[in-house]
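Remarks on the structure that follows.
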Amino acid sequence: MFRNSIIRFQRYVSHPVQKNISRSISSKILVLSAARNLTFKQLTVNNKVSQRAYASASTGGFQIPDEVKNLNIEVYHNVADQFLEELSENIEDISQNFPKDIPDVDLSHGVLTVTVHKFGTYVINKQPPNKQIWLASPISGPNRYDYYKGEWVSLRDNTKILDVLKKELTEAVPNAKISL
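To convert, note that position 23 of the sequence shown is 74 in our numbering; the numbers rise steadily by one, no gaps.
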């Protein structure tokens, strides 16, 4: 049966229009035929089956504190949800007093979107796989914040998310007393 497939494939390869596609297909057939002859033991490395990591806590190569690595996922969700709700309420208060400067504040499904007339749109959202909160700022750009010592802190530059937002919103609404 396998031999018949190869013969059909060879006829298919000879068609001039399909040459690029055939190269891709032929390499896959070679890999599949080679894999047929391997045992499960040969597919393991050091007696371990390969595993995929879906999220990495650090992309900078630095040491991550145990408090951050060992944060329970339920605790993360509770703390992150409470943080986003309080932040949303505080920014909505500013928006009510200065609707031209901050016309829109929306919190939905763990994503807080804040439109600032002077700068653009901020997006603050949960990242459960990494147990982080991410900030996309039109001024300072993207950053990731971990829950460390009771605050959301960037492990890359040690900035606190509330300090960044307070500074940038103060620039956007200079007449407002910003307390987040």
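Just so you know, even glycine gets a beta-carbon here, dropped at the ideal spot from N, CA and C.
Query                                                                                                                                                            : Result
DSSP three-state label for arginine 103, please.                                                                                                                 : In this predicted model, arginine 103 has a pLDDT of only 42, less than 50, meaning its place in the structure is not dependable; the value taken from the coordinates is given anyway. Correct three-state label for arginine 103: coil.
By DSSP, does asparagine 148 sit in helix, in strand, or in coil?                                                                                                : helix
Have a look at Lys177, Val174 and Asn141 and flag the residue whose alpha-carbon is nearest the alpha-carbon of lysine 228.                                      : Asn141
Return the Cβ separation of leucine 158 and glutamate 136 in integer angstroms, given the expectation that the two are a contact with Cβ distance under 8 Å.     : 7 Å
When burial is assigned at 16 or more other CB atoms within 10 Å of the CB, is phenylalanine 134 buried or exposed?                                              : buried
Using C-beta distances below 6 Å, list every residue in its chain close to leucine 213, excluding the 5 sequence neighbours before and after it, in chain order. : Leu231
In angstroms with no decimal places, state the Cα-to-Cα distance between serine 73 and proline 179.                                                              : With a pLDDT of 44 at serine 73, under the threshold of 50, the modelled position of this residue cannot be trusted; read the value that follows with caution. Whole-angstrom Cα-Cα distance: 41 Å.
DSSP state of leucine 158, grouped into three classes?                                                                                                           : strand
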